[in-house]
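Written below as structure tokens is the structure these notes are about.
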Amino acid sequence: MTEHLDGSVIPTGFDVPVDPLRRAAHYSGKPGCIAEARAFAAAFLKQLGTEWCADVDPRTEGEVLLVVSELVTNADRHSNGPYILEMEGTGAAVAVVVYDSSVALPRRFPKDPERIGRHGLEIVHALAAEIAVDRVPVGKRIRAVVGLRPSSA
């Protein structure tokens, strides 16, 4: 954006593209990693609010943390190795990305209230606006995007 003042051109700096906020953390799979991942995600959302002025309401924050929990739990349970949690956000959405070493793609089971367990991907699909699963050279990457709703405060 450029403002004109008495024939002078004054760059305002708002015409510069802004990259999304990105942070990543590596987890070994040892006990406590899932809680650490949730804490990392909570700190990321706080930083997103500060740096991007993102308006994250408590419900959306809970949804993002639940998506993190489900994806990291699956990586922890099925990869037999370390995994990476990557967060990317703007004022409109947060992407939760998990890389793990398992080549087995996740399965989404049909809804079944009688089934005990295996509801993780079903939960992620209910909360995320988009989900992508890709094979990468060392395993797979799962990316879930959660849209941010402005708080009603």
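Add 7 to a position in the sequence shown, counting from 1, and you land on the number used in our numbering.
Built from N, CA and C at the ideal position, the CB exists for glycine as well.
Worksheet item: Counting Cβ pairs, one atom from each stretch, are 3 or more of them under 8 Å apart for the segment 112-128 and the segment 56-74?
Response: no
Discussion item. Three Cβ pairs or more, each shorter than 8 Å: is that satisfied between the segment 27-34 and the segment 76-90?
Written reply: yes
Worksheet item: Who are the Cβ neighbours of ILE149 in its own chain at under 6 Å, not counting the five residues just before and after it?
Response: LEU78, VAL105, VAL140
Discussion item. To the nearest angstrom, how far is the alpha carbon of ALA46 from that of CYS60?
Written reply: 20 Å
Discussion item. Let's see if you can read the secondary structure: which residues bound the beta strand (DSSP E) around ASP83?
Written reply: Looking at the DSSP string, ASP83 is not in any beta strand (DSSP E); the run it does join, the alpha helix (DSSP H), is 65-85.
Discussion item. Taking the beta strand (DSSP E) that HIS33 belongs to, which residues open and close that run?
Written reply: Counting along the chain, the beta strand (DSSP E) containing HIS33 begins and ends at 28-34.
Worksheet item: Whole alpha helix (DSSP H) runs in the segment 42-66 with 4 or more residues, listed along the chain?
Response: Contiguous alpha helix (DSSP H) elements confined to the segment 42-66 do not occur, taking only those with 4 or more residues.
Practice prompt. Along the alpha helix (DSSP H) that carries VAL131, what are the first and last residues, could you check?
Written response: Per DSSP, VAL131 belongs to the alpha helix (DSSP H) from 127-134.
Item to complete: Below 7 Å CB to CB, which residues in the same chain sit around ALA82 once its five sequence neighbours on both sides are set aside?
Response: TYR90, VAL105, ASP107
Worksheet item: Which residue from LEU134, GLY39, LYS147 puts its Cα closest to that of HIS85?
Response: With distances taken between Cα atoms, HIS85 lies closest to LYS147.
Worksheet item: So ASP64 packs on ARG156, CB below 8 Å; how close in whole Å?
Response: Going by Cβ atoms, the distance from ASP64 to ARG156 rounds to 6 Å, so yes, they are a contact pair.
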